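Chemist: The sequence shown: position 84 = 84 (UniProt numbering), numbered continuously. Cβ atoms here follow ideal geometry from the backbone N, Cα and C, with glycine treated the same way. Just so it is clear, the structure is predicted and the values come from calculations on it, not from any experiment.
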Amino acid sequence: MECCESPEAQNSLEAILTHSVFRDEGELKAQLQAMKESGKKTKIIISNLKRLKDGKFELHFPHDEKDICCPETGMSSEEQSTPKYKHSLREYCSILYLKPSMRIIIRGEKVQTKLISKSLSHSVEDKFKPNWLKDPVKITIGFACEKGRGQDYGLMLYHKNRLIKAYERVGYQKQAGNRGIGVVGVAAVDFLQPIHNKQDFMMDEKYYSVIRAFGLKLNDYWNEMMNCDSPSSSQSSSDLPDWTWANCDKCLKWRRLPDSVNPETLPAKWYCWNNHDTKH
1 MECCESPEAQ NSLEAILTHS VFRDEGELKA QLQAMKESGK KTKIIISNLK
51 RLKDGKFELH FPHDEKDICC PETGMSSEEQ STPKYKHSLR EYCSILYLKP
101 SMRIIIRGEK VQTKLISKSL SHSVEDKFKP NWLKDPVKIT IGFACEKGRG
151 QDYGLMLYHK NRLIKAYERV GYQKQAGNRG IGVVGVAAVD FLQPIHNKQD
201 FMMDEKYYSV IRAFGLKLND YWNEMMNCDS PSSSQSSSDL PDWTWANCDK
251 CLKWRRLPDS VNPETLPAKW YCWNNHDTKH
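(1) Quick one: which unbroken alpha helix (DSSP H) runs of 4-plus residues sit fully inside the region 36-97? Chain order, please.
(2) Just to confirm, is the Cβ distance from Val186 to Ser117 under 7 Å?
(3) Can you tell me which of the three DSSP states Gly215 falls into?
(4) Mark Gly215 as exposed unless 16 or more other C-beta atoms lie within 10 angstroms of its C-beta, in which case mark it buried.
(5) Rounded to whole angstroms, what's the CA-CA distance from Ser234 to Phe57? Just pull it up for me.
(6) Given a threshold of 16 other Cβ atoms within 10 Å of its Cβ, counted over all protein chains shown, does Trp273 qualify as buried or as exposed?
(7) Less than 7 Å between the C-beta atoms of Pro83 and Tyr172, yes or no?
(8) Straight-line CA distance for Pro267 to Gln175?
(9) Do you know offhand how far Glu146's Cα is from Asn219's?
(10) From Ile211 to Lys127, what distance separates their C-alpha atoms?
(11) What separation, rounded to the nearest whole angstrom, lies between the Cα atoms of Ser236 and Gly142?
(12) Let me check understanding here. Comparing Cα to Cα, which of Pro241, Lys110, Val183 lies closest to Trp222?
(13) With a threshold of 6 Å on Cβ separation, who are the neighbours of Leu96 within its own chain once the five nearest residues in sequence on each side are excluded?
(14) Tell me the DSSP bridge mates of Asn247?
(15) Between Trp132, Lys41, Lys160, Leu133, which lies nearest to Ile104 when the distance is taken from Cα to Cα?
(16) Along the chain, where does the beta strand (DSSP E) that runs through Ser121 open and close?
(17) With DSSP run on the structure shown, which of helix, strand or coil describes Thr18?
(18) So is Pro241 buried or exposed if we call it buried at 16+ other beta carbons inside 10 Å?
(19) Residue range of the beta strand (DSSP E) that residue 281 falls in?
(20) According to DSSP, simplified to helix, strand and coil, what is Glu5?
(21) Please state the DSSP three-state secondary structure of Glu146.
(22) Please say whether Asp67 and Arg90 have beta carbons closer to each other than 7 Å?
(23) Cutting at 8 Å between CB atoms, please list the residues of its own chain near residue 308, excluding the five before and the five after it.
(24) Which two residues bound the contiguous beta strand (DSSP E) that contains Leu155?
(25) Distance check for Glu224 and Ile44, CA to CA, integer angstroms please.
(26) Following the continuous beta strand (DSSP E) through Val261, name the residue where it begins and the one where it ends.
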């Protein structure tokens, strides 16, 4: 494995050896060779962490969890009650893709990715067709199922399969009271324009039009669920999603499991041959 001799490549190599944990070209080549042999495509190394005023590092590496977190020290009570993905890299990566098809490993342990649109209870599909868009936009709406995630509700907006905005409050959820709590909406909005860091969208007329429309859809769903004789009318929703899906640790394909399977009973590493339902 040899480095390209072009001036651009040499400048890049010099920058890496000056500002990274690799002090010579041999160390860098050894790391790249190890990645090639293991089949890993991308590896992120975090270094040069600064310390906060209390002496702790700006990122927290819990001993009992294979995670990288934002330290809770210095956070306001409001920040500590925000959705977990804002503080946990593992949680963020688990919802990063609308249809996960890659293996993500943090501190040596695989991230259990989620099919958010298929992890809801009492879910329905609706469509929104603005006059400036050729095809209608599909949105999946349902109740969140995970226990202990009281703040994890709102809109999940994806752009070209990647998460841009998570748990954005819309409709009733922005008002005082309990209306809309626990309801999640999932949509792919590839026609919107993300900002440079892909943490938000450009706040233009199209964005606000979509947010208003999805807010009305969520309100309609809430009203229908609360007024019908269904388990969700108690606002607790089901502890289990409408369907159980598992991600094969070998081929990375998603498989639908029989309704009798409780997702909490699935092993950390699941394979296609573990599914005895020939239909799926």
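Modeler: Result, derived from the coordinates:
(1) 77-80, 89-94
(2) yes
(3) helix
(4) buried
(5) At Ser234 the pLDDT is 45, less than 50, meaning the model places this residue with poor confidence; the figure from the coordinates comes in the next sentence. Going by the C-alpha atoms only, they are around 44 Å apart.
(6) exposed
(7) no
(8) 40 Å
(9) 22 Å
(10) 13 Å
(11) The predicted position of Ser236 is uncertain, since its pLDDT is 48 and thus under 50; a value taken from the coordinates is nonetheless stated next. About 12 Å.
(12) Val183
(13) Leu163
(14) Trp254
(15) Lys41
(16) 121-128
(17) helix
(18) buried
(19) As displayed, the chain neither begins before 1 nor continues past 280, which places residue 281 out of reach and without an answer.
(20) coil
(21) coil
(22) yes
(23) Lying before the first or after the last residue shown, residue 308 is absent from the chain, which here runs from 1 to 280.
(24) 154-159
(25) 46 Å
(26) Element bounds for Val261: n/a, residue is neither H nor E.
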